[in-house]
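Asker: Mapping of the sequence shown onto the working numbering: residues 645 to 862, in sequence order. C-beta atoms are modelled at their ideal positions from N, C-alpha and C, and glycine is treated no differently. Keep in mind the model is a prediction, meaning the values are calculated, not measured. Structure provided below as structure tokens; questions to follow.
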Amino acid sequence: MTIDYSQAREKMVEQQVRPWDVLDIRVLDVLARLPREAFVPEAYKALAYADLEIPLGHGQKMMKPVVEGRMLQALELQPGDDVLEIGTGSGFATACLATLAREVVSLEIEPELAASARTHLDAARIGSNVRIETTDALAWQSERRFDAVCVTAAVDTIPERFLSWLRPGGRLFVVQGREPAMEALLVRNDVNGALTESLFETDLAYLRGAAPTPQFHF
645 MTIDYSQARE
655 KMVEQQVRPW
665 DVLDIRVLDV
675 LARLPREAFV
685 PEAYKALAYA
695 DLEIPLGHGQ
705 KMMKPVVEGR
715 MLQALELQPG
725 DDVLEIGTGS
735 GFATACLATL
745 AREVVSLEIE
755 PELAASARTH
765 LDAARIGSNV
775 RIETTDALAW
785 QSERRFDAVC
795 VTAAVDTIPE
805 RFLSWLRPGG
815 RLFVVQGREP
825 AMEALLVRND
835 VNGALTESLF
845 ETDLAYLRGA
855 APTPQFHF
């Protein structure tokens with residue numbers, strides 16, 4: 645069966661993303677144009693525009709389109725912004741960020757996923773402004789500051805280092821909490837300190853090393 649991906653893309657935007665309060669025209673345009681199917685593992689291409697998470701291997705999953713849309717909208721990216729992405733995954737969210745912003749530095753702990761994401765970006769001719777680093781974000785060292793930090797996996801508590809990478813006025817998107825009740829948050833690096841806004845409830849796999857510490861009961 646031949647799939648009309650352009651039609652599937654249009655339906656995804658109109659029937660999934662827009663009804664979930666994603667109204668930013670730039671975000672909707674990016675999701676309507678970028679070939680999501682080019683970033684999905686071969687076995688799941690038929691599900692590229694479905695309202696579900698797609699397995700990527702290594703315990704990682706591609707976020708639902710609605711979550712990607714809300715994330716991109718919340719970050720309010722401008723053409724001159726520099727973005728740090730924590731968790732490259734398939735590279736699709738990376739492509740969206742790169743289309744909306746000036747530059748993206750993306751950190752991926754799994755070498756295989758980092759390599760495939762780079763391949764996907766190059767094949768789609770997107771991401772000349774993307775640098776992917778194979779590293780653990782919880783150990784990564786950088787003096788650089790960013791306008792936006794985008795965490796594509798959940799954390800039990802927000803690491804201070806994530807906030808330290810924000811410029812004044814910078815925005816951090818992150819999903820925090822414990823299954824099944826996690827909360828997507830936008831944290832702004834305000835002059836008076838961090839300002840946290842609750843966006844929506846969701847459920848994501850944990851960033852490696854950022855899951856809750858197991859509690860032992862005797």
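Where do the N-terminal and C-terminal ends of the beta strand (DSSP E) with residue 800 fall, by residue?
Answerer: It is not in any beta strand (DSSP E) - residue 800 carries neither H nor E in the DSSP assignment.
Asker: Whole-angstrom Cβ separation of residue 638 and residue 751, contact assumed at under 8 Å?
Answerer: Here the chain has residues from 645 to 862 only, and residue 638 is not among them.
Asker: Where does residue 648 fall in DSSP's three states?
Answerer: Residue 648 falls in the coil class under three-state DSSP.
Asker: Check for me: the alpha helix (DSSP H) holding residue 697 runs from which residue to which?
Answerer: Looking at the DSSP string, residue 697 is not in any alpha helix (DSSP H), and its letter there is neither H nor E.
Asker: Verify whether the separation of the beta carbon atoms of residue 738 and residue 774 is less than 8 Å.
Answerer: yes
Asker: Take residue 689 and list the residues in its own chain whose beta-carbon comes closer than 8 Å to its own, dropping the five residues that flank it on each side.
Answerer: 647, 681
Asker: Under a Cβ-count criterion, where at least 16 other Cβ atoms within 10 Å of its own Cβ denotes burial, should residue 653 be classed as buried or exposed?
Answerer: Residue environment: residue 653 is assigned as buried (16 or more neighbouring CB atoms within 10 Å of its CB, all protein chains considered).
Asker: Residue 713 and residue 851 - do their beta-carbons sit closer together than 8 Å?
Answerer: no
Asker: Output the distance between the C-alpha atoms of residue 818 and residue 651, rounded to the nearest integer angstrom.
Answerer: 31 Å
Asker: Check each candidate in 847, 813, 762 and name the one with the smallest Cα separation from residue 733.
Answerer: 762
Asker: Could you give the C-beta distance for residue 727 and residue 791, rounded to a whole number, given that I count them as a contact under 8 Å?
Answerer: 7 Å
Asker: Considering only the beta carbon of each residue, do residue 746 and residue 766 sit closer than 8 Å?
Answerer: no
Asker: Provide the residue span of the beta strand (DSSP E) that contains residue 751, from first to last.
Answerer: 747 to 752
Asker: Please look up how many angstroms separate the CB atoms of residue 789 and residue 810, rounded, as I've assumed it's under 8 Å.
Answerer: 7 Å
Asker: Output yes or no for whether 8 Å exceeds the beta carbon distance between residue 812 and residue 847.
Answerer: Contact: no.
Asker: Identify, in the order they occur along the chain, each residue of the same chain with its Cβ nearer than 6 Å to the Cβ of residue 595, setting aside the five sequence neighbours on each side.
Answerer: As shown, the chain starts at 645 and ends at 862. That puts residue 595 outside it, with no answer to give.
Asker: Three-state secondary structure (DSSP) at residue 785?
Answerer: Here residue 785 sits in coil by DSSP.
Asker: How big is the Cα-Cα spacing for residue 684 and residue 665?
Answerer: 25 Å
Asker: Three-state secondary structure (DSSP) at residue 810?
Answerer: Strand at residue 810.
Asker: Spell out the partners DSSP gives residue 730 in its beta bridges.
Answerer: 751, 795
Asker: Do residue 679 and residue 693 count as a contact pair if the criterion is CB distance below 8 Å?
Answerer: Going by C-beta atoms, residue 693 is not nearer than 8 Å to residue 679.
Asker: Can you tell me which of the three DSSP states residue 678 falls into?
Answerer: Residue state, collapsed to three classes: coil.
Asker: With residue 799 and residue 785 assumed to form a contact (beta carbons below 8 Å), what rounded beta-carbon distance in angstroms separates them?
Answerer: Not confirmed; about 19 Å, so no contact.
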